[in-house]
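If you count by our numbering, then the sequence shown holds residues 5 to 355, one letter each, in order. For glycine and all other residues, C-beta sits at the position ideal for the given N, C-alpha and C. Each remark here refers to the structure printed beneath this line.
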Amino acid sequence: VKIKDEALIAAAVLSNRYITARFLPDKAVDLIDEAAAKLKMEIDSLPGEIDDVQRRIMQLEIEREALKKEKDPSSRERLSEIEKSIADLKEESDTLKAQWSREKEHISQMRKIKAEIDQLRSDAEIAQRKGDLSTASELLYGRLPDLNKKLDELGRELAEIQKGKQMLKEEVDAEDIAAVVSKWTGVPVSRLLEGEVEKLIQMEDNLHLRVVGQDDAITAVSNALRRSRAGLSDPNRPIGSFLFLGPTGVGKTELARALAEFMFDDEHAMIRIDMSEYMEKHTVARLIGAPPGYVGYEEGGQLSEAVRRRPYAVILFDEIEKAHPDVFNVLLQVLDDGRLTDGHGRTVDFK
């Protein structure tokens, strides 16, 4: 498995941006390691695309067997549709399997030739050290060029096979790194790879698809995110802190959901805390965790633990006017300094 330069750059950039609980270079190396291992497993096992088609065929065959017992016209019509779908899927599966086997065969041959080339170079070095120049000459200028020529031919054939559709990869690229980051953090791959400029230019339009009106609020949120991406905001504070006021139904919570969907492709991908549960003074400890010696110390805080596990997130404090005033004292250091110390003494980063 080869690792492209773009994969190394993506590992450093994406790990620094999205994985805040660990340090470079360890987190970047682990990203590359996992992406390379995943690629190696895909080469040696059945591709997911073929597996998905086979699963669909199996499901349709089960449904077909059940419908064979039915006699009504609608079941017969559905049965004929299933028969056609199974035939189409089997044809698709055979095509994919044929391409996969051809690609795998070429990659396997290329692996063997590369191993032979490495062995020949090693043998040539040993022969040179022993002074056996005739053997070294035969290896370096006789057999080695032939193997390199075969390798180039196989590489061209593989590129021709993969021209329309590529099923197997031998190189780790930025997309593979982004997939691992997505798995670790929950940030969708498409959002990681999509150009920042295109994303941010279209931000207001995307938010307006779900929130009607509220131009000032949407503009303020969009500008905050753009300032952060441009490096103009305070690096020691959260990207933005907003207090949305208004009667029920004007879009306060909906804007938070729309923002989560814009950033993560899922409106539920946000940390939502119902502040009506924090009306008493003693409930403040639930946000950051109980102090040592108190019940619930092992569990950690609802806010601090959620952010520690998922540092790149939208946090919604719903109905915050119902919370006890002491809650605002806890949030002050979050909004002012971008950090919070939980009940275990760990610093949680809100930047």
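About 6 Å separates the Cβ atoms of I292 and V334, confirming a contact at the 8 Å cut-off. A contact is defined here as three or more CB-CB pairs under 8 Å, and the stretch 325-342 meets this definition with respect to the stretch 227-243. Only residues of its own chain outside the window of five on either side were considered, and among them K8, E10, A11 have a CB closer than 7 Å to the CB of D177, listed in chain order. G304 and D346 do touch by the CB rule: their CB atoms are close to 6 Å apart, below 8 Å. The residues L93, in chain order, have a CB closer than 7 Å to that of R60 in the same chain once the five nearest residues on each side in sequence are set aside.
Sequence-distant Cβ neighbours of A128 in its own chain, meaning closer than 6 Å and more than five residues away, are A140, L143, L144. Taking 8 Å as the cut-off, the beta carbon of L155 is found closer than this to the beta carbon of I117.
Beta-bridge partners assigned by DSSP to E309: none are found. The stretch 103-114 and the stretch 39-58 touch, with three or more beta-carbon pairs separated by less than 8 Å. Nearest to L259 by C-alpha distance, out of G217, R231, H286, is G217.
Between S226 and E208, the C-beta gap is smaller than 8 Å, which places the two residues in contact. Per DSSP, the unbroken beta strand (DSSP E) holding F321 starts and ends at 318-322. Minimum Cα-Cα distance from S105 among the listed residues N20, I54, D150, A234 corresponds to I54.
Going by DSSP, I47 is part of the alpha helix (DSSP H) stretching over 30-48. In this structure, the alpha-carbon of A224 lies about 28 Å from that of R313. CA-CA distance, I130 to E95, rounds to 53 Å. The three-state secondary structure of R214, taken from DSSP, is coil. One Cα belongs to A221, the other to I205, and the distance between them is close to 16 Å. Pairing L263 with V318 gives a Cβ-Cβ distance under 8 Å. DSSP, reduced to helix, strand and coil, places M283 outside both helices and strands of the structure shown, so it counts as coil. Residue environment analysis places M274 among the buried positions, since at least 16 neighbouring C-beta atoms fall within 10 angstroms of its C-beta. According to the DSSP secondary-structure assignment, I277 is paired through a beta bridge with F321. When DSSP states are grouped into helix, strand and coil, L344 belongs to the strand group. Between the alpha carbons of R68 and S78 lies a gap of roughly 13 Å.
Between L249 and the set I324, Y282, E74, K88, the nearest pair of CA atoms involves I324. In the DSSP assignment, T351 falls within the unbroken beta strand (DSSP E) covering 351-353.
Taking each of L172, I13, V185 in turn and checking the Cα distance to L100, the smallest one comes out for L172.
When A289, R214, V311 are compared, the shortest CA-CA separation from V254 is found for R214. Within the same chain, and ignoring the five residues on either side of V331 in sequence, the residues whose Cβ sits closer than 6 Å to its Cβ are Y282, V288. Secondary structure note for I292: its alpha helix (DSSP H) is the uninterrupted segment 289-292. Cβ neighbours of L307 within its own chain (closer than 7 Å, five residues either side excluded): I277, L291, I292.
Take L83, set aside five residues on each side of it, and the residues of its chain with a beta-carbon closer than 6 Å to its own are L71, in chain order. Under the DSSP definition of a beta bridge, V176 partners with I7. The straight-line gap separating the alpha-carbon atoms of V5 and L64 is approximately 37 Å.
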